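K.L.:
In my numbering, the protein residues as written are 1291 to 1494. C-beta: ideal position from N, C-alpha, C; glycine also. Nothing here was measured: the structure is a model prediction, and the numbers come from that model. Okay, handing you the structure first.
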């Protein structure tokens, strides 16, 4: 199998980016980006682990969960989780972060790239509270690049079309997968029940 390993060869295959694809990139949030964030309940967060390995994790809450502090600064709450802290540890070492925001049913996405820092500022964590519980910490991002991404990936995948979704039963439960993957002594049902109980008590 041959691979492309030079920028010249890559551009020879694809050609130059169209003018609008370059011009649409902004260095701050405009009213449309702010509106998008106010409606988005979900983002994928990309960071880089030591040694250069890429990492992407999900972040989600109610629509508008990302706070816009000003045109160049946003803040994402961190909630209770499994304490792996992959994203936060990566950002402590390397502040570069890429974000992909989605709105269910909308085929276009909002991309934001910037530099992240972690704070436990009491006022901000309280501002980001959910169900009366302040955020454990906040990821504050200095916005460097903002632009809308076109709809093609969502149109090709049919992501928001329920008629294209596989039946849930075609995949095992998480409990079944974990039992097989790490040889847990519990039954799959016991693992699923434990997970369900944890979800009910530690969402926020």
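If you count every other CB in all the chains shown that lies within 10 Å of the CB of residue 1387, and 16 or more means buried, which is it?
P.N.:
Under this definition residue 1387 is a buried residue.
K.L.:
What would DSSP say about residue 1295, mapped onto helix, strand or coil?
P.N.:
Of the three classes helix, strand and coil, the one that applies to residue 1295 here is coil, per DSSP.
K.L.:
Would you list the one or two residues that DSSP bridges to residue 1439?
P.N.:
According to DSSP, which records beta bridges pairwise, residue 1439 is partnered with 1399.
K.L.:
Excluding the 5 residues preceding and the 5 following residue 1332 in the sequence, name in chain order all residues of the same chain whose CB lies nearer than 6 Å to its CB.
P.N.:
Same-chain partners within the cutoff: 1350, 1392.
K.L.:
Within the same chain, show all residues whose beta-carbon is closer than 8 Å to that of residue 1370, passing over the 5 residues directly before and after it, in chain order.
P.N.:
Within the same chain, residue 1370 has close Cβ partners 1426, 1492, 1493, 1494.
K.L.:
So, at 7 Å on beta carbons, what are the nonlocal neighbours of residue 1463 in its own chain, with the 5 sequence-adjacent residues on each side left out?
P.N.:
Result list for residue 1463: 1478, 1482, in chain order.
K.L.:
Quick check: what's the CA-CA separation for residue 1453 versus residue 1447?
P.N.:
Cα-Cα distance, rounded: 12 Å.
K.L.:
Hey, would you say residue 1414 sits closer than 7 Å to residue 1402, going by beta carbons?
P.N.:
In this structure, residue 1402 does not lie closer than 7 Å to residue 1414 by Cβ.
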